[in-house]
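Residue numbers (my numbering), protein chains in the order written: chain P, 12 to 125; chain U, 654 to 1046.
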Amino acid sequence: MAEKVPIGYECLNCGKIHYPKHGRCLQCKHQDFKNVTLPSEGTLITYTILKAPPTGIDRSSLLLGIIDLGEVRYTGQLEVEPNDIRLGMKLKAVWKKVREINGKPVSGFVWFPL
Amino acid sequence: MREVAIIGVGLGSRWGRFDGSLIEMMAEASLDAITDAGTDEIDAVFVANMGAGRINNQTALASALIDYLNLFPAVGASIENGPASGGTAARIGYMAIASGIHDCVMVTGGEKMRVAPAPVVTDFIATMSHPEAEYIYGITFPSLGAMLARIYFNKYGVTSEDLARIAIKNHKNGLMNPHAHIQQKITMEGILTSREAKLNNPMIADPLHLYDVCPVTDGAASIIMCSLEKAKEISGKRLIKFTGTGQGMDTMAVHEREDPTFLKAVKDASDQALVMAGLKRKDINFAEIHNAFEILEIAELESAGFYERGKAHLAIRKGETEINGRFPVNPSGGLKARGHPVGATGVAQLCELVWQLRGEAGERQIPNNPKHAYAINFGGFGNNVVATILSKT
């Protein structure tokens, strides 16, 4: 199986790319989209080191950030040495378990230093 | 449309931890508002609450409150709109009276949050975030506040000291508010610059410290509104008019906003409320701002247009937002000191505006006879925001 990569949703009318998914285009209200592969590398634009994670995260500290992928941005977990973290750093997405919700594991993208 | 006045307000006992039930807590605030209004002839009750179905195992709260207080034949409905539930319920109450459907409406907001452990409360708040793009990653509201703060720090030179300065001001105001949950004097040294500060005020979502974030609070608030015509007949109090209401929306996922530091919903809600009231920003004498995180006090003041982008923290450094300043902000102590029982907050903000406009705010009274007051009730992480303007008649 091919490695999982971030997916966006391109409006078939105006071409705007969305992430996450919407039922109607944020720009033109068109309803048809196609899945497009997003870059799996991006730039960190903000982050936090959360010392009080919610239920379902079995860690005392969690790194979260927003990553700019060019046409869209992505919110996700980061796996970076806290001392190395800085705005503008390049990160790469890896698909892995991110949390348990109602006792069930949930996967998503975790961003590692490039 | 008919003009609408607020004739009664109440917050019940001091906020913090309430030992009775959620309905008993809301009843206490409601009875205070009824006493203040001098009438219990209420046609409709709107109850604002976000999480009782999840953390208190109770739904359909308006039915329960009407039953408990024997407000029959009043009719009612519960309004859930995240942390903007209170402001939204008041807006709906306003619409009900302005339209002529009802004459007298009670709006009660309440949230009993201290029943659950902190991670559960944090998670229940986080259910407002985008389920696939934010929630699954463990995004919490403090983490969204922290990520906003980091952009602000980087872009506008806001510092941890600026946030602490806001917290110190809000605690100072809270000390003069008998309803406030947090009644504690704090100093820059105690929370930021001394060696002990690291213990007193740990980082909880870098760059936000404990004292940059609101507490978890039980609390309720209630207002009674009626048509201005009826208010003139029945109320012996100084009448406070509901002069403006606005509501704005934005994308649910914060990362989809072109500029995450610009809170579009705050601007839209504020513009609408000001147009409706026929006022300019300079006419507003003071504000209650939804500061679940102190960075939001800065961001909302700027997005609402009271300060230029990137400039509010400079005005705060000069003391402009103190009770005796040019533009007092959160004389109640705001969410930071009064507390933030989510469904109650928007209603409690309006209670504070009324007390201040009537000149009944005691030690924390804003001087020079304020005439027009503004509140912003911020739902989601700014994707659903209600602005309200109240004015002295």
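Glycine residues also receive a C-beta, built at the ideal position from the N, C-alpha and C atoms.
For the pair of segments examined, the region 795-804 of chain U was found to touch the region 853-865 of chain U: the number of CB pairs separated by less than 8 Å reaches three. Identification of chain U residues near residue 63 of chain P by a Cβ-Cβ cut-off of 8 Å yields 771, 772, 775, 793, 795, 857, 858, ordered along the chain.
Scanning U:880, U:902, U:939 for the CA closest to the CA of residue 1032 of chain U turns up U:902. Taking 8 Å as the cut-off between beta carbons, the residues of the region 14-46 of chain P near chain U are 29, 30, 31, 32, 37, in sequence order.
Think of a sphere of 8 Å around the beta carbon of residue 119 of chain P: the chain U residues whose beta carbon falls inside it are 789, 790, in chain order. When Cβ pairs closer than 8 Å are counted between the two stretches, the region 882-890 of chain U is seen not to touch the region 62-74 of chain P, the count staying below three.
Using a Cβ distance threshold of 8 Å, residue 926 of chain U and residue 1041 of chain U count as a contacting pair. Residues of chain P with a Cβ closer than 7 Å to the Cβ of residue 807 of chain U are, in chain order, 98. In this structure, the CA atom of residue 722 of chain U is about 17 Å from the CA atom of residue 712 of chain U. Following the DSSP letters along the chain, one finds residue 108 of chain P inside the beta strand (DSSP E) bounded by residues 101-112.
Taking the C-beta atoms as reference points, residue 840 of chain U is found nearer than 8 Å to residue 821 of chain U. Between the alpha carbons of residue 796 of chain U and residue 754 of chain U lies a gap of roughly 42 Å. Against chain U, a Cβ distance below 7 Å from residue 73 of chain P picks out 791. Runs of alpha helix (DSSP H) with 4 or more residues, each lying fully within the region 669-734 of chain U, are found at 675-690, 714-721, listed in chain order.
Taking C-beta separations shorter than 7 Å and ignoring five residues to either side along the sequence, the partners of residue 15 of chain P in its chain run 106, following chain order. Secondary structure of residue 962 of chain U (DSSP, three-state): coil. For residue 998 of chain U, the closest alpha carbon among the candidates U:1038, U:1011, U:726 is that of U:1038.
The C-alpha of residue 889 of chain U is placed about 43 Å away from the C-alpha of residue 775 of chain U.
Secondary structure of residue 84 of chain P (DSSP, three-state): strand. With a threshold of 16 other beta carbon atoms within 10 Å, residue 771 of chain U falls short and is exposed. At a C-beta separation below 7 Å, residue 783 of chain U has these neighbours in chain P: 31. It is roughly 8 Å from the alpha-carbon of residue 716 of chain U to the alpha-carbon of residue 731 of chain U. Residue 800 of chain U has a beta carbon lying within less than 8 Å of a beta carbon in chain P.
In this structure, residue 962 of chain U keeps its C-beta atom at 8 Å or more from the C-beta atom of residue 953 of chain U.
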